[in-house]
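Numbering (the working numbering), first residue to last: 1 to 186.
In this text, a Cβ means the ideal position worked out from N, Cα and C, and glycines have one as well.
Just so you know, these numbers come straight off a predicted model, no measurement behind them.
Working notes, beginning with the structure itself.
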Amino acid sequence: MIAEKDYCLDKSFEINNNNFNSIRNIKHKTALMLIYSCGLRISEAVNIKTADINIDRGLINIVKSKGNKDRVVTLSKQFLIKLEEYKKIYKPKKYLFEGGNGVEKYSTRSIQSVFKKALKDANVKRNYTVHSLRHSYATHLLEKGTDLRIIQELLGHKSSKTTEIYTHVSNKLLAKVVAPFDDIEL
């Protein structure tokens with residue numbers, strides 16, 4: 001059995017937008033929402049170019065990710081609304097998240113700092129990292145009944161063993177298990 005670690009955030013933090021409301025900067029808010037809603041690595045998020053996004057189809061091409069692999073991830077309808085709002089304000093040209101000069105990509109360090117502040121503002125005591133959002137994404141998909149192979153594909157993992165590390169078995173999921181013996185009429 002895999003023990004629950006600090007990877008799985010309380011769902012209320014990720015899913016309840018009220019906790020994101022403490023983040024005033026829409027760029028920061030959009031970046032963190034993207035990372036969770038697509039299960040991205042922080043490096044993947046900052047390397048997304050505007051040309052990699054197909055809003056009409058709700059897809060992002062993740063180009064040359066870990067292991068130099070490409071993959072396609074889907075954008076949630078709810079996130080697409082936030083993305084449109086962000087694009088109207090910031091008008092990104094090359095990278096989806098651009099640095100202050102508007103030419104270079106946004107730094108991973110900045111996103112990490114924003115995440116730490118958001119956790120503090122939401123009174124979350126555990127020591128999470130931005131990568132915890134990726135783990136939470138995988139775990140929450142598993143809790144909703146998504147097949148492990150699909151999660152593997154969405155995360156861009158070569159091996160299902162790696163995906164198993166990401167999909168932490170929560171106590172809530174374990175409580176739903178029905179023993180086969182309970183199906184036998186005695």
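From Tyr36 to Asn54, what distance separates their C-alpha atoms? For the pair Tyr36 and Asn54, the Cα-to-Cα distance works out to about 19 Å.
Length of the line joining the Cα atoms of Lys77 and Ile184: Going by the C-alpha atoms only, they are around 43 Å apart.
C-beta atoms of Ser43 and Ala122 nearer than 9 Å: No.
Below 8 Å on the Cβ atoms is my guess for Tyr95 versus Tyr86; work out the distance and round it to an integer in Å. That pair is no contact at about 13 Å.
Using the beta-carbon count (16 or more within 10 Å), is Pro180 buried or exposed? Counting C-beta atoms within 10 angstroms of its own C-beta, Pro180 has fewer than 16 neighbours from the protein chains shown and is therefore classed as exposed.
Rounded to whole angstroms, what is the Cα-Cα separation between Gln112 and Ile48? Gln112 and Ile48: Cα-Cα distance of roughly 17 Å.
Take the Cβ of Thr139 as the centre, count every other Cβ of all protein chains shown within 10 Å, and call the residue buried at 16 or more, exposed below. The Cβ neighbour count for Thr139, taken over all protein chains shown within 10 Å, is at least 16; the residue is labelled buried.
Taking just the CA atoms, how far does Asp70 sit from Gly102? Distance between the alpha carbons of Gly102 and Asp70 is about 25 Å.
Own chain residues within Cβ distance below 7 Å of Leu154, not counting five before or after: The residues are Gly39, Val73.
From Phe115, His28, Asn61, residue whose alpha carbon lies closest to that of Ser132: Put simply, of Phe115, His28, Asn61 the residue whose alpha carbon is nearest the alpha carbon of Ser132 is Phe115.
So, for Leu59: in the same chain, excluding its five sequence neighbours on each side, which residues have a beta-carbon less than 8 Å away from its beta-carbon? Within the same chain, Leu59 has close Cβ partners Ile53, Val72, Val73, Thr74, Leu75.
Which residue wins for smallest C-alpha separation from Thr108, given the options Arg41, Met33, Lys66? Among Arg41, Met33, Lys66, the Cα nearest to that of Thr108 is on Arg41.
Cβ-based neighbour list, Lys82, same chain, cut-off 7 Å, excluding 5 preceding and 5 following: Around Lys82: Thr30, Met33.
First and last residue of the alpha helix (DSSP H) that includes Thr74? Run containing Thr74: none in the alpha helix (DSSP H); it sits in the beta strand (DSSP E), 71-74.
Assuming Lys27 contacts Phe97 (C-beta within less than 8 Å), just tell me the rounded distance between them. Confirmed, Cβ separation roughly 6 Å.
If you draw a straight line from the alpha carbon of Gly99 to that of Asn68, how long is it in whole angstroms? The alpha-carbon separation between Gly99 and Asn68 amounts to approximately 24 Å.
So, at 7 Å on beta carbons, what are the nonlocal neighbours of Glu84 in its own chain, with the 5 sequence-adjacent residues on each side left out? Listed in chain order, the non-local C-beta contacts of Glu84 below 7 Å within the same chain number zero, local neighbours out to five positions each way being set aside.
So, with DSSP's three-state summary, where would you put Glu98? Looking at Glu98 - three-state DSSP - the assignment turns out to be strand.
For a quick check, are the C-beta atoms of Ile89 and Gly156 less than 9 Å apart? Not in contact: Ile89 and Gly156 (Cβ atoms no closer than 9 Å).
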